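**Student:** Below you will find the structure I want to go over with you.
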Amino acid sequence: MDCLFLYAQKFTEEKVKSETFVVTIHAVRQRRSRLRSRKWATEFYKFLKDRYQNRLTRCVLYKPSFKLRALVILSWPFFSNNMKEKIFIVKSHRDFAKTQGLPESDSVKKT
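According to UniProt numbering, the sequence shown is numbered sequentially starting from 1.
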């Protein structure tokens with residue numbers, strides 16, 4: 001868990017050079033997924049809030065597991081208003097395209 005968090009922290013500090021950016025977390029639904037950890041999610045939220053609150057445009061949770069979705073919903077009243085506007089939970093690629101402002105492609109329309 002610590003290695004994943006440190007990698008995410010190092011990557012955002014070194015690679016993100018633009019003024020604003022979007023973080024997309026593809027929360028896989030595996031049994032032993034590290035993203036389901038409450039401690040990891042809490043630390044990552046604090047990291048984003050403390051260092052990148054002004055630069056972060058959106059934080060998208062794409063297909064989150066039940067536990068991660070429940071954690072976000074239960075913690076929602078304690079988030080700052082600024083972060084509440086930036087966090088989105090999406091369940092499908094169509095919803096993801098809408099939150100990003102992307103046009104629908106032919107493959108999306110067929111499904």
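Glycine residues also receive a C-beta, built at the ideal position from the N, C-alpha and C atoms.
All figures in this text were calculated on a predicted structure; none of them were measured in a lab.
1. To which residues does DSSP link Val90 through a beta bridge?
2. Since Thr24 sits in a beta bridge, which residues does DSSP pair it with?
3. Flag this pair as yes or no: are the beta carbons of Tyr62 and His26 separated by less than 8 Å?
4. Return the chain-ordered list of same chain residues with a C-beta closer than 8 Å to the C-beta of Val22, the five sequence neighbours on each side being excluded.
5. Please report the distance separating the alpha-carbon of Pro64 from that of Lys91.
6. Check this for me: beta carbons of Ala41 and Leu71, under 8 Å apart or not?
7. What's the gap between the Cα of residue 114 and the Cα of Trp76?
**Tutor:** Considering the structure as presented:
1. Position 90 of the sequence shown, counted from the start, is the residue given in the question as residue 90. Looking at the DSSP assignment, Val90 forms a beta bridge with Tyr62.
2. As a working mapping, residue 24 is identified with position 24 in the sequence shown. Looking at the DSSP assignment, Thr24 forms a beta bridge with Val60.
3. Your numbering for residue 62 matches position 62 in the sequence shown. Your numbering for residue 26 matches position 26 in the sequence shown. A contact, by the Cβ cut-off of 8 Å.
4. Within the sequence shown, numbered from 1, the residue matching residue 22 stands at position 22. Cβ within range, chain order: Leu56, Thr57, Arg58, Cys59, Val60, Gln100.
5. Here residue 64 refers to the residue found at position 64 when the sequence shown is read from its first residue. Here residue 91 refers to the residue found at position 91 when the sequence shown is read from its first residue. Between Pro64 and Lys91, the C-alpha separation is close to 7 Å.
6. To locate residue 41, count along the sequence shown from 1; it is residue 41. To locate residue 71, count along the sequence shown from 1; it is residue 71. Yes, they are a contact pair.
7. This structure does not reach residue 114, given that the chain is present from 1 up to 111, and the question cannot be answered.
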